[in-house]
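Its first residue numbered 0, the sequence shown is counted upward by one per residue in numbering that gives the first Met the number 0.
Glycine included, C-beta positions come from ideal geometry on N, C-alpha and C.
Structure record follows, encoded as structure tokens.
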Amino acid sequence: MQAEWLKKKGNGTLVLFFNGWGMEPWVVGHLKGEEDILAFSDYRTLEIEEEALRGVDNYARVYVVAWSMGVWAAANVLRNWALPLRGTVALNGTERPVDDTVGIPEKVYLLTERGMNPRGRERFVARMLGDAEEKERFKAHPLCRELPELCEELVKIREQCAVARQVWTWDKVYISRQDVIFPPDNQQHWWDGRAKEIRFLPGAHYPFYHFQSWEEILS
């Protein structure tokens with residue numbers, strides 16, 4: 000797992016952002032706020048070097064925001080980090096990411112995995128987004144990770160999630176009603192009785208254009 004500081008000004012409040020599969024930090028770059036942001040990605044392994052977390056324990060207020068595959072990743076690493084968490088938010092993901100009833104159906108996941116070529120990646124991104132305006136806005140920034148790396152990450156997530164099955168207490172869960180990556184019904188099946196609060200969003204799997212700031216997500 001990789002970690003990257005998107006903002007580190009020592010403001011006293013830290014957001015740990017667990018990104019989705021194949022995504023890059025700029026997917027939340029438009030979100031405003033005074034919070035410091037440490038972003039995680041690349042779940043080929045859930046191990047992370049201690050150096051990457053240096054300074055995290057200096058924050059008085061720590062929040063977790065996890066999207067898509069980041070929900071599963073966060074659930075499996077947070078229990079190892081003794082942090083003063085003030086709130087945890089999951090968006091369009093579950094802790095069983097490859098599952099016919101509470102995650103991405105296995106057949107669909109395998110088709111994505113086997114079809115991950117340049118055209119397959121374009122198709123995935125198109126399905127992840129909503130209307131034409133969202134697609135145009137998203138295209139303004141390139142996705143730069145190499146395809147072999149993305150393919151390996153898909154395989155490793157599938158293999159790891161069969162054994163890495165921790166759960167976490169989530170204060171708030173967002174589910175997008177038109178999500179065709181993580182079926183909304185499957186998400187709701189998982190979160191009913193588990194999440195403290197479930198909120199529904201319009202639109203597709205990528206939810207962040209519905210927010211202007213980190214505070215909006217957390218509040």
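- Message: For Gly86 and Pro141, what's the separation of their Cα atoms in angstroms?
- Response: 31 Å
- Query: Any idea if Phe137 is buried or exposed, counting beta-carbon neighbours within 10 angstroms, 16 or more meaning buried?
  - Reply: buried
- Query: Alpha carbon to alpha carbon, how far is Gln186 from Asp98?
  - Reply: 10 Å
- Looking at the structure shown, is Tyr173 part of a helix, part of a strand, or coil, going by DSSP? strand
- Three or more beta-carbon pairs under 8 Å between the region 10–29 and the region 65–73, yes or no? yes
- Message: Would Trp80 and Leu37 qualify as a contact pair, given that the criterion is a beta-carbon distance under 8 Å?
- Response: no
- Look at Leu149 and Asn116 and say whether their C-beta atoms are less than 8 Å apart. no
- Item | Thr12, DSSP secondary structure in three states | strand
- Roughly how many angstroms lie between the CA atoms of Gly9 and Met22, to the nearest whole one? 26 Å
- For Lys134, three-class secondary structure by DSSP: helix
- How about Ala194 and Val166: are their beta carbons less than 8 Å apart? no
- Message: With H, G and I counted as helix, E and B as strand and the rest as coil, what does DSSP make of Gly102?
- Response: coil
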